[in-house]
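Everything in the sequence shown is counted per this note's numbering, starting at 520 for the first residue and increasing by one.
All C-beta atoms in this analysis are idealised placements derived from N, C-alpha and C, irrespective of residue type, glycine included.
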Amino acid sequence: MIDGKEILSRLGKLRDVTCSKDIAQLTYAMFPGTHCPLMGAAMAVRGIQDAVLLVVGTDECAYYTKHMTIHSDDFGGLQGRCVSAVLDTRDVTFGCKAKLDQAVAELVAEYSPKAVFIVTTCVVEIIGDDADAFADSYSEQYGIPFMAVHTEHFKCENHLPGLERTITACLGLMEDRPKTGTVNLLGQRMGSFETTELARVLREAGVGIGMQLPCGCTVEDIRDAASARVNIVVNAIALPLAEKMQERFGIPYVFFDKFTDPDRIYATYRHLFEALDIPLPAALETLYEQAKAAAEASKPALQGVRYIYGNTPFDCLEFNQFMVSLGMVPQIIQTVSVEPERDKAYLTDILAKSDPYVTKTANIAPLQSVYDILHPDLYLGHEYAARLRKKGIAMVRSDKASSMLGFEITGFIAGELARAANEFREYQKEVRA
């Protein structure tokens with residue numbers, strides 16, 4: 520294993536990060552395995568119940584996508600709505616149009632799809648075939664909407680661009696509609712929206728939920744999406760679509776991410792109900808006070824607690840800013856990106872009290888060598904709890920928050936942080952004994 524001091528010498532400090540390129544990676548493979556944009560595209564189409572995913576690329580890309588989707592009830596198993604056009608050396612040399620023409624004809628005859636997402640992989644992008652023109656011509660020929668989604672991995676570090684591009688491509692399905700009082704939910708990736716605090720608050724306020732993309736909708740739902748009064752964006756992957764819908768259809772959007780700070784959550788609720796032009800529900804005042812009380816109650820257990828931040832369901836810097844406000848001390852922050860202009864408020868608060876190291880997410884193996892140097896109290900994200908315990912480090916388990924939105928997040932994570940901090944103290948007692 521690489522020496523921990525050498526690992527730390529490679530890392531920059533948060534204060535010195537001026538853009539995402541300044542974030543050092545600790546392995547050559549930044550996000551190895553199946554986490555490429557093609558995976559993200561498959562995840563997005565999975566939630567559009569009557570759309571077909573057509574993968575265009577090598578047999579490896581086709582195989583792993585089919586393997587991923589074959590076990591998903593949402594895709595329909597072996598004969599389900601994930602199909603492929605596998606390219607050979609001739610297609611790569613002379614272009615894949617002829618192969619794709621044949622594949623599309625068979626697809627339309629066999630599936631009678633409501634919509635088709637043509638997902639191009641690395642080889643198609645390298646040879647330069649015009650998938651957008653192909654999609655337009657098939658839409659005209661068959662009277663079915665075809666959308667091109669580009670998932671070249673050599674320009675991306677993970678699967679999120681595939682999700683973002685597939686969601687954004689849905690704009691081509693939308694048609695102008697008379698406005699109603701409903702809201703669309705954009706960007707929900709995990710868990711059921713119906714179980715969240717935000718969904719409950721909207722129901723009690725008489726606000727209907729329209730399209731939910733990509734967590735569960737039909738092609739017809741997407742066609743009718745422009746009837747909504749407001750778009751609620753719960754993940755940044757849906758911001759490009761929300762911006763385009765605002766430009767084309769005049770629908771405002773509210774960014775309601777998995778925020779942890781109760782003041783930020785309260786401000787977002789106010790923004791949402793102002794956009795809906797209805798009074799802020801009185802119940803939110805009670806929820807706000809409860810969330811603030813939960814955060815305040817956790818502070819005694821969290822003062823001076825040192826941590827390494829890995830992968831959680833939350834917005835990275837917003838969550839770290841919240842933890843710093845509770846008295847915690849970040850030692851290393853793992854993240855995909857830092858945008859100083861976008862994240863200015865978070866960075867200002869964090870840097871006023873600490874200046875942690877920063878590295879790319881998903882490199883936990885080389886980071887293990889620094890545990891004996893930094894001696895963190897807590898680890899947040901995905902690691903091996905038993906291995907951490909041998910080092911006297913407690914793990915914060917945050918995945919349960921994947922199905923939460925609103926003040927419920929504050930109460931949950933404040934309690935979990937305090938629990939883990941107390942667990943760390945128990946580890947220390949065991950060591951001393």
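Candidates the options, of which the one nearest residue i by Cα
i: P556; options: F613, V824, E629 and H669; result: H669
i: A939; options: G930, A913, E949 and Y946; result: A913
i: L924; options: D776, C835, A812 and Y657; result: D776
i: M730; options: V574, G900, A810 and Q707; result: Q707
i: D782; options: A810, I756, Y772 and R722; result: A810
i: Y772; options: S817, T701 and C736; result: T701
i: A874; options: S528, A624, V536 and L803; result: For the sequence presented, residue 874 should be read as Asp rather than Ala. Among S528, A624, V536 and L803, the Cα nearest to that of D874 belongs to V536.
i: G851; options: L530, K524, D522 and R767; result: For the record, residue 851 in the displayed sequence is Ile; it is not Gly. Checked all of L530, K524, D522 and R767; the closest Cα to I851 is L530.
i: E579; options: A563, D607 and L758; result: D607
i: A628; options: G596, R906, F613 and Y661; result: Y661
i: E902; options: F774, A884, N703 and H672; result: A884
i: Q846; options: T640, P819, Y788 and D593; result: The sequence shown places Gly at residue 846, not Gln. Checking every option, the nearest Cα to that of G846 belongs to P819.
i: R906; options: Y890, A937 and F774; result: Y890
i: I686; options: S656, G735 and H554; result: G735
i: M709; options: T805, G559, D868 and T929; result: G559
i: Q853; options: V749, G900 and L791; result: G900
i: D821; options: G614, Y657 and R944; result: It should be noted that the sequence gives Leu, not Asp, for residue 821. The option with the nearest alpha carbon to L821 is R944.
Rounded separation between residue i and residue j - CA only
i: P859; j: R534; result: 10 Å
i: P551; j: N882; result: Note that P551 scores 48 on pLDDT, short of 50, meaning its location in the model is unreliable and no value can be drawn from it.
i: V602; j: K763; result: 29 Å
i: Y865; j: V877; result: 15 Å
i: P832; j: S539; result: 20 Å
i: L721; j: N754; result: 18 Å
i: V738; j: L760; result: 16 Å
i: K698; j: I751; result: 15 Å
i: H894; j: Q544; result: 21 Å
i: P632; j: A667; result: 15 Å
i: D896; j: D695; result: 54 Å
i: A745; j: K909; result: 54 Å
i: N839; j: V915; result: 13 Å
i: A622; j: A650; result: 14 Å
i: D862; j: L682; result: 22 Å
i: T880; j: Q887; result: 14 Å
i: Y946; j: C835; result: 27 Å
i: V642; j: T577; result: 7 Å
i: H590; j: G596; result: 6 Å
i: I953; j: F636; result: Residue 953 lies beyond the residue range present for the chain, which begins at 520 and ends at 952; the question has no answer from this structure.
i: V758; j: N703; result: According to the sequence displayed, residue 758 carries Leu and not Val. Between L758 and N703, the C-alpha separation is close to 13 Å.
Alpha helix (DSSP H) segment containing residue i, residue limits
i: P781; result: P781 to L795
i: Q765; result: L758 to F768
i: T612; result: T608 to F613
i: V843; result: C835 to S844
i: Y898; result: Note, Y898: premise wrong, no alpha helix (DSSP H); beta strand (DSSP E) at L897 to L899.
i: Y865; result: K863 to L870
i: V720; result: E716 to E723
i: C641; result: C641 to I646
i: R908; result: A904 to K909
i: F653; result: A650 to Y661
Assumed close pair residue i, residue j - CB separation to whole angstroms, cut-off 8 Å
i: Y785; j: G829; result: Wrong, their Cβ atoms sit about 28 Å apart, outside the cutoff.
i: L692; j: G566; result: No, L692 and G566 are not in contact; Cβ-Cβ is about 14 Å, not under 8 Å.
i: V857; j: I542; result: 6 Å
i: T714; j: S917; result: Not confirmed; about 17 Å, so no contact.
i: V843; j: G823; result: Not a contact, Cβ separation roughly 12 Å.
i: A570; j: A634; result: 5 Å
i: G599; j: T584; result: Actually they are not in contact, since the Cβ atoms of G599 and T584 sit about 11 Å apart, beyond 8 Å.
i: K616; j: D648; result: 7 Å
i: V575; j: V638; result: 7 Å
i: A688; j: S817; result: So it is not a contact: roughly 42 Å between Cβ atoms.
i: F841; j: T787; result: With a Cβ gap of about 14 Å, F841 and T787 do not count as contacting.
i: L491; j: A604; result: For residue 491 there is no data in the structure shown, the boundaries of the chain being 520 and 952.
i: F926; j: E716; result: 6 Å
Paired residues, beta bridge with residue i - DSSP
i: S603; result: V574
i: K540; result: BP columns for K540 are empty, so no partner.
i: C736; result: I567
i: R466; result: It is not possible to answer for residue 466, since the shown part of the chain is limited to 520 through 952.
i: F636; result: L572 and M666
i: Y772; result: N750
i: L512; result: Because the chain in this structure spans residues 520 to 952, residue 512 falls outside the shown range and cannot be described.
Run of the beta strand (DSSP E) containing residue i, from where it starts to where it stops
i: T854; result: V848 to T854
i: V627; result: V627 -> not in any beta strand (DSSP E); alpha helix (DSSP H) instead, spanning K616 to Y630.
i: Q731; result: I728 to L732
i: F594; result: No beta strand (DSSP E) contains F594, which DSSP labels as neither H nor E.
i: V915; result: A913 to V915
i: T699; result: Careful: T699 lies outside any beta strand (DSSP E) and carries neither H nor E.
i: Y876; result: Y876 to K879
Residue i at chain D interface by Cβ criterion, 7 Å
i: G925; result: Protein chains in the displayed structure number just one, and chain D is not present.
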